[in-house]
Amino acid sequence: MRKSQRGQSEQSIQTRLLQAIFEQRMPPGARLTEEALASAFDVSRTTIRQVIARLSQDGILVKLPNGATHVASPSRHEAQQLMVVRRMIEPEIVKILASKAADICFDELSAHLNDEDRARRDGDRGSLVRLTGEFHLHLVRLTGNQVLIRLMTELQALVCLAILLYANGDDGCPVQEHRRIVTAIKKQDGASAANLMLSHLEHIERDLKLDEKPVLHISEALTWLGQREASLARS
Ligand SMILES: [Zn+2]
-15 MRKSQRGQSE
-5 QSIQTRLLQA
5 IFEQRMPPGA
15 RLTEEALASA
25 FDVSRTTIRQ
35 VIARLSQDGI
45 LVKLPNGATH
55 VASPSRHEAQ
65 QLMVVRRMIE
75 PEIVKILASK
85 AADICFDELS
95 AHLNDEDRAR
105 RDGDRGSLVR
115 LTGEFHLHLV
125 RLTGNQVLIR
135 LMTELQALVC
145 LAILLYANGD
155 DGCPVQEHRR
165 IVTAIKKQDG
175 ASAANLMLSH
185 LEHIERDLKL
195 DEKPVLHISE
205 ALTWLGQREA
215 SLARS
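Under this note's numbering, the first residue of the sequence shown is numbered -15, with each subsequent residue one higher.
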């Protein structure tokens, strides 16, 4: 009994930490301590250690050799790799759903799309970013495939962190694209659903601006400034 209660609280802490990431409230690179988390959630450090271990395994938290833990801060290269994997699996997810659309209850997904519309209409950016991310997790949950669900949750959390780092003025997924994907799934048109998902992911990737040159290193900036000063002095 005690064991299951403890297990449950670990799960709920993990869910709340992931939610903070999905709502983009968790800054990438932020340092987390066992003490601070144990006090925030009012649980033992042993419980927190389990949560940290699990999220570290998923790459969402990073444990450093000195014992400190940081929220992951994916590089542009890592973010690109995450999007490559999403492009591989998410079109397949919607194909699976289209193939069994007759047996799927779409009520929750439809309600979710309405929530997205409402958040967009109300200009509620925080909710919109979380909801548009959760849409992708809703889809994978409908497959019932636990491996895919775990993989997508991890990918989604890391992409949320990358969005915080690299997207300019992100407002969630492009308008109406989710609705078109769901319509194709409901029509059992797997090929269209997969194509729509692929172009949707390409739009997300484009908004992430992963192709932009990274910020120059400070030494390069100083060299540039030195050369500029020298040329100004000559003129
Ligand atoms: Zn989306």
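Cβ coordinates follow ideal geometry from the N, Cα and C atoms, glycine included. Since this is a predicted model, take the numbers as computed values, not measurements.
Report whether the distance from the Cβ of residue i to the nearest heavy atom of ligand 1 is below 7 Å.
| i | result |
| --- | --- |
| residue 157 | yes |
| residue 167 | no |
| residue 6 | no |
| residue 96 | no |
| residue 25 | no |
| residue 184 | yes |
| residue 122 | no |
| residue 162 | yes |
| residue 116 | yes |
| residue 90 | no |
Name the two residues that bound the continuous alpha helix (DSSP H) containing residue i.
| i | result |
| --- | --- |
| residue 17 | Unbroken run through residue 17: none, as it is neither H nor E. |
| residue 161 | 161 to 170 |
| residue 138 | 130 to 150 |
| residue 64 | 60 to 83 |
| residue 99 | 91 to 106 |
Go to residue i, then tell me how far its beta strand (DSSP E) extends in each direction, as first and last residue.
| i | result |
| --- | --- |
| residue 45 | 45 to 47 |
| residue 55 | 53 to 55 |
Here's the rule: buried if 16 or more other CB atoms are within 10 angstroms of the residue's CB, otherwise exposed. What is residue i?
| i | result |
| --- | --- |
| residue 270 | No statement about residue 270 is possible, as the shown extent of the chain runs from -15 to 219 and does not include it. |
| residue 56 | buried |
| residue 72 | exposed |
| residue 92 | exposed |
| residue -14 | With a pLDDT of only 41 at residue -14, under the threshold of 50, the placement of this residue in the model should not be trusted, and no figure is reported. |
| residue 48 | exposed |
Enumerate in chain order the residues of its own chain whose CB-to-CB distance from residue i is below 6 Å, with the five nearest sequence positions on each side excluded.
| i | result |
| --- | --- |
| residue 194 | 60, 63 and 64 |
| residue 163 | 97 |
| residue 172 | 82 and 85 |
| residue 25 | -3 |
| residue 151 | 191 and 192 |
Would you tell me roughly how many angstroms separate the C-alpha atoms of residue i and residue j, rounded to the nearest one?
| i | j | result |
| --- | --- | --- |
| residue 119 | residue 183 | 16 Å |
| residue 83 | residue 18 | 45 Å |
| residue 85 | residue 174 | 10 Å |
| residue 177 | residue 165 | 5 Å |
| residue -3 | residue 215 | 58 Å |
| residue 6 | residue 140 | 8 Å |
| residue 78 | residue 32 | 35 Å |
| residue 100 | residue 50 | 42 Å |
| residue 135 | residue 111 | 23 Å |
| residue 189 | residue 159 | 15 Å |
| residue 0 | residue 217 | 57 Å |
| residue 187 | residue 161 | 10 Å |
| residue 40 | residue 14 | 14 Å |
Spatial neighbours of residue i within its chain, please: C-beta separation below 8 Å, excluding the five flanking residues on both sides.
| i | result |
| --- | --- |
| residue 96 | 115, 118, 119 and 122 |
| residue 43 | 56, 138 and 142 |
| residue 126 | 81, 88 and 93 |
| residue 4 | 10 |
| residue 34 | -6 |
| residue -9 | Bear in mind that the predicted position of residue -9 carries a pLDDT of just 49, short of 50, making it unreliable; the figure below should be weighed with that in mind. Here the set comprises nothing. |
Excluding the 5 residues flanking residue i on each side, which residues of the same chain have their C-beta closer than 7 Å to its C-beta?
| i | result |
| --- | --- |
| residue -7 | 27 and 31 |
| residue 179 | none |
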